[in-house]
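In the numbering used here, the protein residues as written are 651 to 1097.
C-beta: ideal position from N, C-alpha, C; glycine also.
Have a look at the structure below before the remarks.
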């Protein structure tokens, strides 16, 4: 093995560097380590793996595609472990990167065919390797900002696995197509107009892949926006219901206030006549006409108070005994929509869980408080039938009647948006939800 051969073979792996940068652009906010530690770990892995790949290819006569494929698998394992995002999201980002790098590889083959028309297609010249490296850098520069901006936004908001796996299949399809159009010999490209068609196919496919992801982003954002609007409408409906109940109470109070003078005159007359039996009977009848307040004042936050009244009525209708302690100031640095969505999903999950209990009383304990103006704590305990469904350490719903089954995921997402966390656990037939959101950090919500 000569030094020139070694350097030339090392250059075939240079495209891994921009590929790694591309992979971390949309997931940079979800790294378990600091950026410096990730760069150092990747650099060490690259420095160790590349010479090993070159030696394997030389001594065992392995094709470069095989050694690169092995390195891709190793890098993905490390990439997935470095992130807190879902496996489906990591897989999709990685597959998209591999598909785009496959286009760069075929562009480099076309360039190599121009320089060395008699060379076999399974070996890159040094010029082609450097061209592939430059093409990969150019691709990262062109797509880096939209992938970093829009990709991270979609990763944050879209938690369902199915769309990500579907798009991973799309990326894999384009990767396989790139493999199929690799010419076995560069001379084939010079037959008729094959070379022109080769370039046209590559350009059309890369634009098609970008267009598919463009459509995927906007369709997903539209669905998520509609879901958010539905939650807002639901909250407004709850507030309207509370307003109507309060309005009825006000109207009933106004009528009593209007008739109060006549009541006082009647009471005075009965008292003057010393007709105490009639006076007592009259007071009993009068007390029955007093309106009963239909709402409870849980907290000063009007939106959350409306939500809690709505679910308290729902819990009463389901014979669920509630013990709620809400100590919340008028204003906290958590948006009303997010706060109500979090608590609403929590209570929705609680009611569904309690409804699985058939042989004992249903109950729910809830505490919402702000400790020393620093942290918002939400602690919930409810009973259920003890049947659970977990996958990869995450609780999955076993009761989906009337719901989407994403309540717990939504709670976790909102808590993380405000730099907090949500924990779910169970012991026997009791289910626990603990949420902590820091209020003292001067950090904007994640978008």
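Where residue i falls, given that 16 or more other Cβ within 10 Å makes a residue buried
| i | result |
| --- | --- |
| residue 1052 | Note that residue 1052 scores a pLDDT of 38, beneath 50, so its modelled location is shaky; the value from the coordinates is reported in the next line. Flag for residue 1052 reads exposed. |
| residue 991 | buried |
| residue 740 | buried |
| residue 959 | buried |
| residue 946 | exposed |
| residue 964 | exposed |
| residue 662 | buried |
| residue 670 | buried |
| residue 967 | exposed |
| residue 828 | buried |
| residue 1054 | Residue placement at residue 1054 is flagged as unreliable, the pLDDT there being 38, under the threshold of 50; a coordinate-derived value is accordingly withheld. |
| residue 719 | exposed |
| residue 814 | buried |
| residue 843 | exposed |
| residue 994 | buried |
| residue 759 | buried |
| residue 883 | exposed |
| residue 1012 | buried |
| residue 666 | buried |
| residue 1050 | In this prediction, residue 1050 has a pLDDT of 47, which is less than 50 and means its spatial position is unreliable; what the coordinates show is noted afterwards. Its Cβ having fewer than 16 others within 10 Å, residue 1050 is exposed. |
| residue 763 | buried |
| residue 608 | Any question about residue 608 goes unanswered here, given that the chain covers just 651 to 1097. |
| residue 1077 | exposed |
| residue 744 | buried |
| residue 728 | exposed |
| residue 1024 | exposed |
| residue 937 | exposed |
| residue 826 | exposed |
| residue 850 | exposed |
| residue 919 | exposed |
| residue 808 | buried |
| residue 818 | buried |
| residue 931 | exposed |
Integer-rounded CB distance, given that residue j should sit under 8 Å from residue i
| i | j | result |
| --- | --- | --- |
| residue 735 | residue 805 | 6 Å |
| residue 1089 | residue 1020 | 7 Å |
| residue 978 | residue 1018 | 6 Å |
| residue 1065 | residue 1074 | Residue 1065 to residue 1074, Cβ: 11 Å. No contact. |
| residue 1100 | residue 682 | This structure leaves residue 1100 out entirely; the chain is present only between 651 and 1097. |
| residue 797 | residue 692 | About 18 Å separates the two Cβ atoms, so there is no contact after all. |
| residue 707 | residue 721 | Going by Cβ atoms, the distance from residue 707 to residue 721 rounds to 11 Å, so no, they are not a contact pair. |
| residue 970 | residue 1014 | 6 Å |
| residue 1030 | residue 1083 | 4 Å |
| residue 1098 | residue 790 | Past the edges of the chain, shown from 651 to 1097, lies residue 1098, and the structure says nothing about it. |
Per DSSP, cross-strand counterpart(s) of residue i
| i | result |
| --- | --- |
| residue 1086 | 1027, 1071 |
| residue 972 | 1014 |
| residue 1040 | 1045 |
| residue 1020 | 1026 |
| residue 733 | 681 |
| residue 1077 | 1080 |
| residue 782 | According to DSSP, which records beta bridges pairwise, residue 782 is partnered with nothing at all. |
| residue 770 | 835 |
| residue 977 | 1019 |
Nearest candidate by alpha-carbon position, reference residue i, set the options
| i | options | result |
| --- | --- | --- |
| residue 1061 | 1046, 1081, 1085, 859 | 1085 |
| residue 1003 | 829, 1029, 1036, 673 | 1036 |
| residue 954 | 887, 939, 934 | 887 |
| residue 802 | 841, 897, 678, 874 | 678 |
| residue 676 | 799, 777, 880 | 799 |
| residue 1059 | 1068, 1045, 855 | 1045 |
| residue 986 | 1027, 952, 792 | 952 |
| residue 974 | 1009, 1032, 849 | 1032 |
| residue 901 | 922, 867, 939 | 939 |
| residue 1069 | 1007, 680, 664, 657 | 680 |
| residue 855 | 830, 674, 723 | 830 |
| residue 836 | 816, 765, 894, 905 | 765 |
| residue 999 | 877, 1022, 1027, 1034 | 1034 |
Distance cut-off 6 Å: residue i Cβ against heavy atoms of the ligand COA
| i | result |
| --- | --- |
| residue 740 | This structure lacks the ligand COA, and indeed carries no ligand of any kind. |
**OP:** Decide yes or no for the touch test of the stretch 772 to 787 against the stretch 742 to 755: beta carbon pairs closer than 8 Å, at least 3 of them.
**Re:** In short, these stretches touch, since the Cβ pair count reaches three.
**OP:** Would you be able to state if there are at least three C-beta pairs under 8 Å between the stretch 707 to 720 and the stretch 672 to 687?
**Re:** Between the stretch 672 to 687 and the stretch 707 to 720 there are fewer than three inter-stretch CB-CB distances shorter than 8 Å, so the stretches are not counted as touching.
Original post:
Is there contact here, the stretch 856 to 873 with the stretch 767 to 779, by at least three beta-carbon pairs under 8 Å?
Top reply: No contact exists between the stretch 856 to 873 and the stretch 767 to 779.
Original post:
For the 8 Å Cβ check, are there 3 or more pairs between the stretch 830 to 843 and the stretch 905 to 916?
Top reply: No contact exists between the stretch 830 to 843 and the stretch 905 to 916.
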